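Accompanying notes for the structure given below.
4 protein chains.
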Amino acid sequence: MAGARRERDIHAATLELLTEVGYDGLTIEGVAARSGVNKTTIYRWWPSKDALLGSAMVEADVLAIRLPDTGSLRGDLESLLRQIAALLTGPDTSPVVTALLGAATHRPELGEVVRRFFADRLGRELPMFERAVRRGELRDGVDPATVMDLLAGAVWVRALLRGQPPRPAYVRETVDLVLRGCTS
Amino acid sequence: MAGARRERDIHAATLELLTEVGYDGLTIEGVAARSGVNKTTIYRWWPSKDALLGSAMVEADVLAIRLPDTGSLRGDLESLLRQIAALLTGPDTSPVVTALLGAATHRPELGEVVRRFFADRLGRELPMFERAVRRGELRDGVDPATVMDLLAGAVWVRALLRGQPPRPAYVRETVDLVLRGCTS
Amino acid sequence: MAGARRERDIHAATLELLTEVGYDGLTIEGVAARSGVNKTTIYRWWPSKDALLGSAMVEADVLAIRLPDTGSLRGDLESLLRQIAALLTGPDTSPVVTALLGAATHRPELGEVVRRFFADRLGRELPMFERAVRRGELRDGVDPATVMDLLAGAVWVRALLRGQPPRPAYVRETVDLVLRGCTS
Amino acid sequence: MAGARRERDIHAATLELLTEVGYDGLTIEGVAARSGVNKTTIYRWWPSKDALLGSAMVEADVLAIRLPDTGSLRGDLESLLRQIAALLTGPDTSPVVTALLGAATHRPELGEVVRRFFADRLGRELPMFERAVRRGELRDGVDPATVMDLLAGAVWVRALLRGQPPRPAYVRETVDLVLRGCTS
DNA sequence: CTCTAACCGAGACGGTACGTCGTGTCTTCTT
DNA sequence: AAGAAGACACGACGTACCGTCTCGGTTAGAG
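Chains as they are written, first to last, in UniProt numbering: chain X, 1 to 184; chain R, 1 to 184; chain D, 1 to 184; chain F, 1 to 184.
What follows is the structure in structure tokens.
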């Protein structure tokens, strides 16, 4: 049963190299060399580069988001969005996150990791919306998932497809627009 | 200046292979074999797989969107979103589009293609918003780019990150939510 | 000192595999799998594939020759040669024997096994020649070792280097030629 | 059509390494490194280690034998045998020759090389026997192939299986014995 | 209607990484 | 004491593409 003895070393090397050389520059041989482990050892435990990346990311909790509780939905959403924007643009996190999300579109293995993560995060965000409903900040019939799609999607499009880091003003603007739609 | 005599063949083979075997399965050698052209001929004209892909996609106008004019902003936006959703999920288009957008995150060359495309499309969408302003469907101070970020981003997140094809009801819901925010 | 408890199983598996897949196809891992023994167990008792092969062959007495006593040197030699030819060409024995003799040329360990075997067999053949001397079938000054070199060598060259199985007529011819030289 | 540009380098490296590290120590990667050629280049032209070895040996004419014409069959045969003995025991040639002959027993590809060589050499030796017949040194009904089998086989058995280099006295003894059988 | 420049095919190559197999070693746990 | 179980470093395997180079042909438009 057991598992790889040097798993931590291997995961660490994987993420280091990912940030340094990017998804395509990342090779199993490179990870082996960096982690001081033999190539075959990696193949023993992970069937593919993607599987390795996936487990490294899960273990490292790369996409971790602190769930805010600021007292208002507006504050909570702005906090969330700023964190997402930081993940997508921060020098440390951006290579890893974009690699993951980029590859997820054509790599079933990583797609699954991402889907699981999004489902899980949505579950953890629900209380935020429940608090908002109790405070009367949200009219009935608004699906939290849709709200998160809109806001996270906007930041994502801005940062990665338009190539414009989402600044605080932009975050406020999008949250404001969506919140108006959620109350009116 | 000129250009490759067999450019059309090569572009066609590129897109065919892209849909068949995906971004990573796509190789210059494969394109050469499929298009009946020698490998060196491809290298003569395109410095990289991404450059080739980029030019093939531009030429094929893969991301083409018909700009609607339905008489109402709601109708226009729903039409746009449905088209985007179709691109992201259609059996013919999805492999190409996701390959492009996935690779764009870590491939400067393709990122540039995407950014240019988005900027251009936004420009072509502006008249739609100007008509809406004239019709009084949009309060002042709403940035069309932000609206498109929100809506396109939501569809994108749904389709590619959550793995749930955006159905018509979802499209209506998001447009409704955003439009409420645009008028209130 | 002791010895492996499962030595017989291991030896059996070794020879089976040798006949099935040949010298180069024979692997320690294969022997372990076939004999139901752990790889480390084999390494505990034999330092190398060759050592294992050597001991398996010695134990199995693969090169065993019945020493004939037909009443005449001609009959004795023909009997011996036929046995050698059978060893070199028989479907069961040939893979083992040729593996051993082939490897002996560049594997000290197996070379030693072979040399010991040849020396031993010569010793057991000597009485045959002594009987012949007593019967006056052999002039003085003929070295039995040379006679055996000539005859065994001829069969060996035929069978393995020329790729022509030595037929009975051939055996008779060579024995006749050498015997003429031994009496004249 | 063409062929490998660096064929000579590769063949040279092959034979050098064969003498230095033996048949089993010889690797394609080693040959590539020694010859300054890339591994794939070797695989482009030779499907296996054996094929490479075979062509290297054919080209190098490793088993070359000068055909003597001393005026007597005895002289011719002694010359031949001394050459064979030298091939089998000389510091330069022995590794190559024993590797070839050892591997020939279980490597079809090399077996074919050896068989072709022996057939060819026998053809070139025939005139020697025809001269002997004309001189009356050979009775009718003696097959030259058998004579060569006996003599070459004896030297071979001595050198490689008994591990005793065949000295001149031994060569004379075997030739004498066989020649007696050929005339009586 | 040629001639010349642009383009192409072919063949060979050095190179990186792949994913696999087998080696021989080591430690720990089980009879 | 012997063996089973599992992890490992290591070396080589044979393969796929990469990107580059040289050489010799083909094509097609400008003179």
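No residue lacks a Cβ here, since even glycine has one placed at the ideal position from N, Cα and C. A quick note: this is a predicted structure, and the numbers were derived from the prediction, not measured.
Among the options, the one whose alpha carbon lies nearest that of residue i
{"i": "F/E16", "options": "F/G123, F/T105, F/A32", "result": "F/A32"}
{"i": "X/D149", "options": "R/R139, R/A145, R/V175, R/E137", "result": "R/V175"}
{"i": "X/L52", "options": "X/T14, X/G36, X/L87", "result": "X/T14"}
{"i": "D/R158", "options": "F/L122, F/R44, F/A86", "result": "F/L122"}
{"i": "F/V114", "options": "F/R134, F/V62, F/P47", "result": "F/V62"}
{"i": "F/P168", "options": "F/E112, F/I65, F/Q83, F/R180", "result": "F/Q83"}
{"i": "R/E130", "options": "R/P144, R/I65, R/E112, R/D120", "result": "R/P144"}
{"i": "F/A132", "options": "F/R44, F/V37, F/G75, F/T41", "result": "F/G75"}
{"i": "X/E59", "options": "X/I42, X/T19, X/I10, X/W156", "result": "X/I10"}
{"i": "X/F117", "options": "X/A154, X/P91, X/S55", "result": "X/S55"}
{"i": "F/G3", "options": "F/V155, F/T41, F/G111, F/E112", "result": "F/T41"}
{"i": "R/L81", "options": "R/R66, R/T93, R/D92", "result": "R/R66"}
{"i": "X/M57", "options": "X/L26, X/L88, X/A12", "result": "X/A12"}
Whether residue i touches residue j by CB criterion (8 Å)
{"i": "D/P95", "j": "D/S79", "result": "no"}
{"i": "X/G101", "j": "X/L151", "result": "Reading off the sequence shown, one finds Leu at residue 101 of chain X, where the question assumed Gly. Against a cut-off of 8 Å, the Cβ pair of X/L151 and X/L101 comes out as no contact."}
{"i": "F/T105", "j": "D/T98", "result": "yes"}
{"i": "R/T70", "j": "X/E173", "result": "no"}
{"i": "R/L177", "j": "X/V178", "result": "yes"}
{"i": "X/Y23", "j": "X/A86", "result": "no"}
{"i": "D/S48", "j": "D/R6", "result": "no"}
{"i": "F/D50", "j": "F/E109", "result": "yes"}
{"i": "residue 185 of chain X", "j": "R/W156", "result": "Outside the shown range of chain X (1 to 184) lies residue 185 of chain X, about which nothing can therefore be said."}
{"i": "F/T19", "j": "F/D120", "result": "no"}
{"i": "R/G181", "j": "X/R180", "result": "yes"}
Which of helix, strand or coil DSSP assigns to residue i
{"i": "X/I65", "result": "coil"}
{"i": "R/E173", "result": "helix"}
{"i": "X/P47", "result": "coil"}
{"i": "R/Q83", "result": "helix"}
{"i": "D/H106", "result": "coil"}
{"i": "D/E137", "result": "coil"}
{"i": "R/P165", "result": "coil"}
{"i": "X/T89", "result": "helix"}
{"i": "R/V178", "result": "helix"}
{"i": "F/V113", "result": "helix"}
{"i": "R/L26", "result": "coil"}
{"i": "D/G75", "result": "helix"}
{"i": "X/A152", "result": "helix"}
{"i": "X/T70", "result": "coil"}
{"i": "R/R5", "result": "coil"}
{"i": "R/D120", "result": "helix"}
{"i": "F/S184", "result": "coil"}
{"i": "residue 185 of chain D", "result": "Any question about residue 185 of chain D goes unanswered here, given that chain D covers just 1 to 184."}
{"i": "F/G36", "result": "coil"}
Interface residues of chain F facing residue i [CB-CB closer than 9 Å]
{"i": "D/E20", "result": "Per Cβ cutoff of 9 Å: no residues; D/E20 is ~13 Å from chain F at best."}
{"i": "D/H106", "result": "G22, Y23, D24, P95, T98, A99, G102, A103"}
{"i": "D/S184", "result": "R180, G181, T183, S184"}
{"i": "D/G111", "result": "L160, L161, G163"}
Residue i: contacting residues in chain F (beta-carbon distance under 8 Å)
{"i": "D/D120", "result": "Result: empty, since nearest Cβ-Cβ is about 12 Å, beyond 8 Å."}
{"i": "D/D143", "result": "E173"}
{"i": "D/V62", "result": "Correct list: empty, because the minimum Cβ distance to chain F is about 15 Å."}
Interface residues of chain X facing residue i [CB-CB closer than 7 Å]
{"i": "R/T41", "result": "The contacting residues do not exist; R/T41 stays about 24 Å from chain X at best."}
Where residue i meets chain D, residues with beta-carbon distance less than 8 Å
{"i": "F/V114", "result": "L161"}
{"i": "F/L150", "result": "L150, L151, G153, A154, T174, L177, V178"}
Proximal residues of chain D, C-beta to C-beta of residue i below 7 Å
{"i": "residue 200 of chain F", "result": "A query on residue 200 of chain F cannot be resolved here, the shown segment of chain F reaching from 1 to 184 and no further."}
{"i": "F/V157", "result": "D149, A152, G153, W156"}
Proximal chain R residues relative to residue i, where beta-carbon distance stays under 8 Å
{"i": "X/T146", "result": "A154, Y170, E173, T174, L177"}
Are at least three pairs of beta-carbons, each pair with one atom in the segment 136-145 of chain X and one in the segment 163-178 of chain X, less than 8 Å apart?
-> Fewer than three pairs of CB atoms, one per stretch, sit closer than 8 Å, so the segment 136-145 of chain X makes no contact with the segment 163-178 of chain X.
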